[in-house]
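Q: Take a look at this one; I'll ask things after.
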Amino acid sequence: MLHVSKWEMKVGSSRDSFGNAALNMCKCAKKVAGVNSAKFYWLNPNVIGFAIDANTGSWGAGAEPNGETMKAFFDLADLSSNIMDETWIDAGLGQERSDKAQ
Numbered sequence: 000m001l002h003v004s005k006w007e008m009k010v011g012s013s014r015d016s017f018g019n020a021a022l023n024m025c026k027c028a029k030k031v032a033g034v035n036s037a038k039f040y041w042l043n044p045n046v047i048g049f050a051i052d053a054n055t056g057s058w059g060a061g062a063e064p065n066g067e068t069m070k071a072f073f074d075l076a077d078l079s080s081n082i083m084d085e086t087w088i089d090a091g092l093g094q095e096r097s098d099k100a101q
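The opening position of the sequence shown corresponds to residue 0 in numbering that gives the first Met the number 0, with each subsequent residue numbered one higher.
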């Protein structure tokens with residue numbers, strides 16, 4: 000699954016701190032078992048996008064985060080607001096789930 004989100008920097012936040020918080024989020028994500036990759040991208044000077052590839056149940060709403068990961072989320076939320084959060088299912092898993100419905 001690919002977890003895609005966008006975060007917009009809050010007025011008055013430091014762009015340097017925002018970028019460091021994003022980097023820390025990716026570092027924390029990469030330590031989680033089942034996370035295959037975690038990257039962030041600057042969409043514009045005030046918005047960062049994350050792409051976190053993880054096995055089902057390892058990341059996102061269905062996963063129980065550890066303390067380090069929760070701190071990274073809160074540090075990011077102190078500086079920015081989540082403006083988009085989606086989970087994209089790869090074609091194989093989508094087909095598997097579709098087949099179960101037959």
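Glycine included, each C-beta is placed from N, C-alpha and C at the ideal position.
1. To the nearest angstrom, how far is the alpha carbon of D84 from that of S13?
2. Name the DSSP beta bridge partners of T86, please?
3. Can you grab the Cα-Cα spacing for the pair S80 / G33, in whole Å?
4. Skipping 5 residues on each side, what residues in its chain have a beta carbon closer than 7 angstroms to that of K9?
5. To the nearest angstrom, how far is it from the Cα of A76 to the Cα of Q94?
A: Quick look at the numbers:
1. As a position in the sequence shown, residue 84 is number 85, starting the count at 1. As a position in the sequence shown, residue 13 is number 14, starting the count at 1. Using only the alpha carbons, I get a separation of about 23 angstroms.
2. As a working mapping, residue 86 is identified with position 87 in the sequence shown. Bridge partners of T86: H2.
3. Counting from 1 along the sequence shown, the entry for residue 80 is found at position 81. Counting from 1 along the sequence shown, the entry for residue 33 is found at position 34. Their Cα atoms are separated by approximately 26 angstroms.
4. Looking up residue 9 in the sequence shown gives position 10. Only L78, S79 and S80 meet the Cβ criterion.
5. Within the sequence shown, numbered from 1, the residue matching residue 76 stands at position 77. Within the sequence shown, numbered from 1, the residue matching residue 94 stands at position 95. Roughly 35 angstroms separates the two Cα atoms.
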